[in-house]
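A short worksheet on the structure shown next.
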Amino acid sequence: MTAAVTEPGRAEAALDDRVATRSLAVRMLRRPEIGSLVGAIVIFALFMLVAVPFRNVANIGTILYGASAIGIMAVPVALLMIGGEFDLSAGVAVTTAGLSASLLAWNFGLNVWVGVILALALALGVGAFNGWLLFKTGLPSFLVTLGTFFVLQGVNLGVTRLLTGNVATADISDMDGFTSAQAVFGSEIALGPVTLKVTVLYWVVLTVVAAHVLLRRQVGNWIFAVGGDAAAARAIGVPVRATKIGLFMAVGFCAWLSGMHLLFQFNTVQSGEGVGKEFIFIIAAVIGGCLLTGGYGSVVGASIGALIFGMTQLGINYAGWNPDWFKAFLGVMLLLATIVNVYVKRKADLR
Amino acid sequence: MTAAVTEPGRAEAALDDRVATRSLAVRMLRRPEIGSLVGAIVIFALFMLVAVPFRNVANIGTILYGASAIGIMAVPVALLMIGGEFDLSAGVAVTTAGLSASLLAWNFGLNVWVGVILALALALGVGAFNGWLLFKTGLPSFLVTLGTFFVLQGVNLGVTRLLTGNVATADISDMDGFTSAQAVFGSEIALGPVTLKVTVLYWVVLTVVAAHVLLRRQVGNWIFAVGGDAAAARAIGVPVRATKIGLFMAVGFCAWLSGMHLLFQFNTVQSGEGVGKEFIFIIAAVIGGCLLTGGYGSVVGASIGALIFGMTQLGINYAGWNPDWFKAFLGVMLLLATIVNVYVKRKADLR
Amino acid sequence: MSAPILELDDVGKSYGNVHALRGCSLRVRQGEVTCVLGDNGAGKSTLIKIISGLHDHSEGVMKVDGEATRFGSPREAQTGGIATVYQDLALAPLMSVWRNFFLGNEIRTGLLRVLDIERMKQICHDELAKMGVVIPDLDRPVGGLSGGQRQCIAIARAIYFGARVIILDEPTAALGVKQSGVVLKYIVKARDAGLGVIFITHNPHHAYLVGNHFVILKLGRVVLDAHRDELTLQQLTAEMAGGQELEELSHELRGAEPGKVAAPAAVPHGQVQAPELGPGDRATDPEGR
Amino acid sequence: MSAPILELDDVGKSYGNVHALRGCSLRVRQGEVTCVLGDNGAGKSTLIKIISGLHDHSEGVMKVDGEATRFGSPREAQTGGIATVYQDLALAPLMSVWRNFFLGNEIRTGLLRVLDIERMKQICHDELAKMGVVIPDLDRPVGGLSGGQRQCIAIARAIYFGARVIILDEPTAALGVKQSGVVLKYIVKARDAGLGVIFITHNPHHAYLVGNHFVILKLGRVVLDAHRDELTLQQLTAEMAGGQELEELSHELRGAEPGKVAAPAAVPHGQVQAPELGPGDRATDPEGR
Amino acid sequence: SSSGGKQTTEAASAPASAAGTPTMTVAFITHAAPGDTFWDLVRKGAEAAAAKGNIKLEYQADPDGANQANLVQTAIDKKVDGIAVTLAKPDAMKANVEKALKGGVPVVALNGGIDQWKSMGVLEYFGQDEKIAGEAAGARLKQDGAKKALCVIQEQGHVGLEARCDGTKASFPDTEKIYVTGTDMPSVQAAITSKLQQDSSIDRVLTLGAPFALTAVKSVKDASSSAKVVTFDTNKELVTAIKNGQVEWAVDQQPFLQGYLAVDSLWLYKTNGNVIGGGQATLTGPAFIDKTNVAAVEQFAASGTR
Ligand SMILES: Nc1ncnc2c1ncn2[C@@H]1O[C@H](COP(=O)(O)OP(=O)(O)OP(=O)(O)O)[C@@H](O)[C@H]1O
Ligand SMILES: Nc1ncnc2c1ncn2[C@@H]1O[C@H](COP(=O)(O)OP(=O)(O)OP(=O)(O)O)[C@@H](O)[C@H]1O
Ligand SMILES: [Mg+2]
Ligand SMILES: [Mg+2]
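Protein chains in written order, with the numbering used here: chain A, 25 to 375; chain B, 25 to 375; chain C, 2 to 290; chain D, 2 to 290; chain E, 10 to 315.
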């Protein structure tokens with residue numbers, strides 16, 4: 025870029041007095057996640073003001089844990105949304121992963137790690153299946169993954185009962201490999217007064233990796249393109265199908281990670297869990313600035329969206345507001361955060 | 025059109041041998057709802073085959089009732105979707121309408137009809153508010169109505185407990201006007217061996233009216249346009265804002281109708297219900313051929329979608345399949361219906 | 002000369018940090034064709050979007066019939082008799098041809114004000130036929146039509162509904178020679194009928210064939226505003242192209258031996274040699290940079 | 002004359018009940034410019050979409066380097082060295098200029114194969130500058146650029162990445178005179194570099210300025226396939242326009258008194274008189290109906 | 010049935026007649042959410058009774074009142090010989106239950122609807138009064154010397170769960186409510202933790218389902234609170250937790266028994282005209298399971314029936 029300054033075309037560019045210069049600060053302001061960041065700060069400030077326990081540093085671990093449980097899935101869901109697709113099966117897929125790891129190990133008396141690996145294969149398989157079905161049928165992903173959502177829900181319940189006779193998996197905490205697996209998926213890290221669950225770490229790492237992939241890798245470029253205009257992307261030579269199937273598999277991978285946490289944190293998994301969570305992931309992504317129609321968004325934003333959601337959920341508790349109105353507060357907070365988000369973005373766009 | 029046949033341009037049109045003639049039958053096949061119709065027939069045939077009680081004419085009332093409960097809302101939700109927007113608050117708005125009619129009448133000791141009318145005003149108000157907020161904030165409707173969804177959920181519970189001390193409304197069946205209101209919103213009609221709930225009638229009337237509006241009225245044209253390309257519609261002079269707000273209010277109206285049925289069928293309303301139904305309405309609309317991105321679809325299709333959903337739900341039950349797997353069957357059936365749908369449409373488009 | 006139906010005084014418009022239009026003044030009279038010419042990105046579309054009510058101007062005054070006006074929406078402009086063919090055509094791709102044609106101006110019939118579909122199809126067919134376009138199945142979505150067919154629908158619609166002013170933004174871009182000719186003839190007919198026409202084009206030949214009045218935009222400013230009598234085609238072309246023209250181009254290209262066949266070769270990325278750009282090519286490049 | 006790199010034999014393509022292309026035969030050689038001309042809806046875009054791998058043909062054979070080929074996707078065609086400027090440009094509107102430019106051909110650097118953003122921006126800027134277009138902020142989404150600016154990005158991209166064949170579908174539609182001239186010069190340069198160029202246009206002047214070989218489509222069939230030597234500009238124009246031309250048009254329009262100012266009037270819907278259409282206007286109208 | 014007579018003949022001929030053709034069909038319709046461990050036990054009880062009586066059991070569940078009512082309608086459509094139904098939302102169920110009774114299908118109620126079953130004309134009722142169970146829990150809290158309790162509701166707006174908390178509050182006024190999302194364990198854990206952090210005076214966490222008690226144990230640890238966990242309902246893991254002292258006690262309403270009795274009563278009614286409870290509700294709870302008596306249920310819990 026430095027060389028370009030002396031280059032004739034570049035030099036002339038400076039001549040067009042129509043284009044006001046735009047400072048680095050303003051350019052930062054135009055990033056898709058900036059609005060949600062301001063929204064997060066507003067929500068944070070609000071609860072700092074009204075909720076005493078919110079101010080206690082030690083409680084940060086609880087807030088981050090709540091956020092990380094959403095964030096780990098919000099990151100791939102955001103990638104998928106930027107790529108123009110939905111995954112309604114993301115919530116139950118988490119349960120499926122946890123169940124299958126537990127059931128496989130327990131049923132066949134395997135080392136827990138074998139179950140964990142098989143569950144990973146299964147989770148990736150479900151993602152790949154979603155993507156394959158999408159292209160095979162030409163249906164919108166909303167419908168395809170809705171089908172998977174129902175099927176997984178039924179399978180979770182049916183298979184668990186078939187194998188264990190119960191609706192929850194048996195306790196596997198006495199099996200080989202459980203302790204080491206728990207150390208990986210369900211441990212805690214003490215940082216001074218703050219105790220962080222390992223999921224917080226995974227969440228941060230995932231966010232960084234995904235943001236890097238999205239902004240600095242070829243695949244990231246393809247993700248934006250297939251979401252923005254799949255026909256144009258295909259015409260210009262982007263492997264649309266592979267990109268989208270890969271995104272579904274990324275969701276599968278993170279569902280597996282969440283599922284493993286679920287299993288090793290609680291030792292058993294309830295087969296009916298996970299329903300309804302898919303929308304929380306989507307909400308986090310949208311609050312974070314992802315467009316529902318695809319082609320625009322940010323994973324950092326989605327993580328901030330998860331943080332907003334987590335802070336709001338726990339902040340209402342910390343503030344001790346009347347629990348009857350919990351959902352109403354939640355709704356108002358979410359609207360508040362997103363309106364701030366839009367306001368900031370609009371201001372930034374006008375500069 | 026008859027005059028045109030002898031008109032020069034028209035005559036020449038016949039000369040272009042590139043365009044194969046397309047019979048009326050094929051043109052019928054290209055309607056958006058045709059695929060879902062075939063899907064419905066396939067599902068119907070399947071259950072006729074495997075579920076004995078399905079064959080009993082008398083049971084048609086049960087099936088249609090189940091479908092009508094979805095269909096009454098699927099119709100306006102489909103209109104809204106064709107107009108390019110979502111309403112996630114549609115499910116709880118039904119509960120809000122029922123609750124408010126009951127609470128207003130009960131709390132102030134009014135005639136039940138006064139409560140009913142006030143509830144209508146409230147339901148339309150919620151719809152208008154959704155639309156207003158959409159344009160005021162510039163947020164996608166997914167987020168705006170998500171906010172309303174949470175707020176209504178909280179308000180339903182909070183207000184009900186505030187006024188009654190319980191989570192359900194008091195029984196109002198002994199109040200003035202209840203009998204007449206019940207006759208309007210909760211009665212049954214016997215047609216030979218079949219007993220039809222009045223909701224089935226409302227459903228059919230709504231479908232016919234909405235289909236007429238969509239295809240034969242100016243507003244219908246505008247609905248397609250604002251959904252297909254809101255910017256283009258605005259540029260060409262369509263009042264985009266009024267059209268969309270009107271659609272949200274139509275959803276509000278139908279939510280009121282459903283809510284009144286809920287109230288007068290069961291005498292009381294549970295404040296926590298209705299959550300999750302919004303997606304069933306959207307599913308019905310999508311199965312019926314509505315595009316999630318707007319601009320294309322059919323209300324008749326949405327009604328058929330509701331029928332498919334209702335048939336599947338009850339058919340699995342009638343067939344006595346293992347309820348553990350219920351959701352899995354439901355998922356497979358939905359996928360089946362939509363794949364048939366897409367297959368038929370693709371075939372039709374190729375003719 | 003009649004009083005201008007439309008006047009712009011020092012009108013400006015910014016998109017964020019881009020000032021697309023600055024201090025533009027313009028008069029449009031009925032019974033005249035006003036041609037707006039200019040380079041890519043000069044602000045032509047922005048100008049007409051202000052007139053048609055799609056954008057609001059950020060500076061200056063717009064007068065309609067002498068009265069300062071701000072259109073709140075395109076619908077208001079249309080009620081005022083202004084019909085526009087936008088550069089991006091403003092068609093809903095999934096809607097049928099006739100529905101697009103009558104969008105916002107539907108014909109209704111009977112007490113119930115039901116859409117008169119037969120009549121609309123008939124009119125739509127006739128209007129397209131008058132332009133030499135016949136689409137046998139008017140129920141087809143416009144998304145499946147070729148670029149030129151779509152353009153014809155947008156033009157036919159504006160001509161049909163334009164009551165006082167018709168604005169055409171590069172109407173002939175996707176059209177062949179004959180179709181372009183038909184559009185030019187329509188422009189003349191509209192003028193003859195007493196309408197004001199604003200015609201935006203890149204083609205000085207086209208403009209000079211029909212225009213009474215010429216406005217050239219450059220970098221968002223009006224650099225020429227002249228009546229036909231004050232200008233020859235050569236001058237217009239020179240003004241527009243910065244002294245360069247098709248003739249000249251063909252002269253330049255003659256050096257390139259049009260008939261020549263080069264030796265086949267596979268070329269690595271970016272190895273096609275760039276042609277020499279004359280000073281004019283760059284000084285008036287899009288956005289003028 | 003070299004062996005054709007690309008041959009179409011009796012190729013056909015239907016969209017549902019519309020047979021957009023029937024029995025088309027075509028040869029494209031490297032080091033030559035093959036111009037495809039034809040009316041709106043004649044099937045030009047359909048033809049090139051087959052060559053660029055976007056659509057599959059329903060009949061006939063396509064040969065690349067003499068071997069029968071069916072491209073499974075545009076990516077395969079691009080791997081084979083074929084780059085295309087589509088009529089609808091194929092740009093993702095929300096993506097930045099440089100990301101669009103390098104879409105599918107990203108430059109990566111280092112062991113980790115990270116995107117080399119600086120370099121891509123630099124190249125993108127340079128390539129656009131060579132065409133006389135400078136967009137100061139390459140991070141701007143292309144959706145906010147003017148029609149001509151977008152077109153230039155698509156053209157610059159194809160020229161940069163085209164290794165053996167470059168296809169341009171009406172590249173100059175949204176461009177002004179100068180920019181069009183630059184594109185024509187680029188076409189000649191690409192030919193000189195030994196590439197095969199397929200140039201689709203409505204403008205016989207443009208075509209004759211650079212073409213070695215001319216193919217005219219009508220109603221989905223090839224009606225003329227001639228070498229430059231066998232044809233004059235007049236013949237080409239006549240073939241294309243059915244004997245009618247700008248000259249003639251201006252002659253016709255002269256009767257319309259370009260300088261005339263009509264009396265202002267408000268006109269009810271559909272009352273603008275339609276111009277008389279010559280037989281040519283209608284016989285070769287879009288889709289030929 | 011060893012004293013001969015008709016029953017013996019039937020019992021003897023039944024298996025012979027058609028290799029186990031069911032003697033009757035019973036529809037079992039609950040308001041359970043899918044995958045709920047409590048309802049799993051109810052269902053197991055029902056299945057045990059069905060197996061014993063050679064009954065074809067058609068189990069259906071839907072948490073939505075209107076949908077559950079429609080399930081009763083489908084049972085009528087299927088012409089079953091008896092219906093066992095939960096009346097958690099009695100008003101919603103009323104019309105269809107009465108329709109079934111009018112059509113001559115015997116109906117028994119279980120779990121919910123203790124105040125309404127009689128007026129609907131339902132034959133028998135098996136279950137507990139949620140309010141009374143809540144009051145019992147409250148009394149026990151008082152007796153334990155608790156200062157402040159947190160009542161964790163896993164489904165907002167659920168009448169039965171609300172009644173439990175309200176009952177507890179009635180006899181132990183220092184009870185506060187919190188709503189959590191029952192289908193999302195990590196959020197349950199975080200929510201309870203946050204509440205404990207907010208109000209350190211809470212020294213009892215009362216959950217309304219066994220899995221949530223186990224999660225609450227983790228929350229207590231996370232919040233470094235000294236609160237003790239008590240709960241409604243049991244399952245295998247919970248029994249172990251009581252044994253280890255992680256959970257103080259559980260209010261047991263014997264879900265297995267509710268299911269079992271409901272189905273068996275229909276069989277009895279059909280084959281012998283018996284009515285259990287003599288027109289009164291048959292209460293299956295509340296009983297308390299704590300360290301003192303946990304050994305008695307342990308082995309049954311291990312086999313998944315307590
Ligand atoms: N929505 C927008 N947001 C930001 N900038 C815009 C927007 N629309 C246009 N611009 C910018 O404003 C300037 C003028 O654009 P405009 O579309 O009016 O040009 P034009 O003269 O119509 O060009 P063309 O001949 O290429 O259509 C250009 O620099 C363009 O990039
Ligand atoms: N996706 C499609 N579905 C149906 N018909 C189509 C589709 N694309 C093109 N057509 C039809 O095929 C015919 C040829 O279209 P094509 O776009 O190839 O024309 P063209 O020669 O490029 O025209 P133009 O000069 O207007 O771009 C037209 O009649 C058009 O309506
Ligand atoms: Mg323009
Ligand atoms: Mg074309």
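In this text, a Cβ means the ideal position worked out from N, Cα and C, and glycines have one as well.
Cα-Cα separation, B/Leu127 to B/Thr188 | 8 Å
Looking only at its own chain, which residues have a Cβ that is under 8 Å from the Cβ of B/Asn365, when we skip the five neighbours before and after it?
-> Gly59, Ser60, Val62, Gly63, Ile311 and Gly313
Leaving aside the five residues before and after B/Leu112 along the sequence, list all residues of the same chain whose C-beta is less than 6 Å from its C-beta, in chain order.
-> Thr169, Leu170, Phe173 and Glu302
Rounded to a whole number of angstroms, what is the C-alpha to C-alpha distance between A/Gly122 and E/Ala219?
-> 19 Å
Would you mind listing the beta strand (DSSP E) stretches within the region 17-93 of chain D that are 3+ residues and don't spill past its ends, in chain order?
-> 19-29, 34-39, 60-65 and 83-86
Report whether the distance from the Cβ of D/Leu9 to the nearest heavy atom of ligand 6 is below 6 Å.
-> Ligands in the displayed structure: ligand 1, ligand 2, ligand 3 and ligand 4; ligand 6 is not one of them.
Would you report the Cα separation of C/Gly294 and D/Arg71, rounded to the nearest angstrom?
-> Missing from the structure shown is residue 294 of chain C; chain C here goes from 2 to 290 and no further.
Per DSSP, which one or two residues make a beta bridge with D/Arg222?
-> D/Lys219
How would you call E/Gln152, buried or exposed, if buried means at least 16 neighbouring beta carbons within 10 angstroms?
-> exposed
Extent of the continuous beta strand (DSSP E) to which A/Leu215 belongs | Glu212 to Leu215
Beta-carbon separation (whole angstroms), E/Gly136 vs E/Asn120, contact threshold 8 Å = 4 Å
Assign A/Ile332 to one of three DSSP states: helix, strand, or coil.
-> helix
B/Asn291 CB to nearest heavy atom of ligand 2 below 6 Å | no
Out of curiosity, what's the CA-to-CA distance linking C/Ala275 and D/Ser181?
-> 14 Å
Taking Cβ positions, are B/Gly276 and B/Val179 nearer each other than 7 Å?
-> no
N- and C-terminal bounds of the alpha helix (DSSP H) containing B/Glu297 | Looking at the DSSP string, B/Glu297 is not in any alpha helix (DSSP H), and its letter there is neither H nor E.
Nearest-angstrom Cα separation, counted from D/Gly39 out to C/Ala309 | Since the first and last residues shown for chain C are 2 and 290, residue 309 of chain C lies out of range.
Between the CA atoms of B/Gln242 and C/Lys50 - distance to the nearest angstrom = 25 Å
Hey, is D/Pro269's beta-carbon within less than 7 Å of any beta-carbon in chain A?
-> no
Step through the CB atoms of chain A and report whether any lies within less than 7 Å of the CB of B/Ala352.
-> yes
Determine the contact status of A/Ala143 and A/Ala125, defining contact as a CB-CB distance below 7 Å.
-> yes
What do you get for E/Ser22, buried or exposed, if any count of 16 or more other CB atoms within 10 angstroms of its CB means buried?
-> Note that E/Ser22 scores a pLDDT of 39, beneath 50, so its modelled location is shaky; the value from the coordinates is reported in the next line. So E/Ser22 ends up on the exposed side.
Would you say E/Asn120 reaches chain A, if we count a Cβ-Cβ gap shorter than 7 Å as a contact?
-> The C-beta of E/Asn120 comes no closer than 7 Å to any C-beta of chain A.
Inter-residue spacing [alpha-carbon to alpha-carbon] between C/Ala84 and C/Pro172 = 13 Å
Chain-ordered neighbours of D/Pro75 on chain A, where CB pairs are closer than 8 Å | Arg258, Ala259, Ile260 and Gly261
Cβ of E/Ala101 less than 7 Å from any chain B Cβ?
-> yes
Segments assigned beta strand (DSSP E), at least 3 residues, entirely inside the region 180-205 of chain C | 197-202
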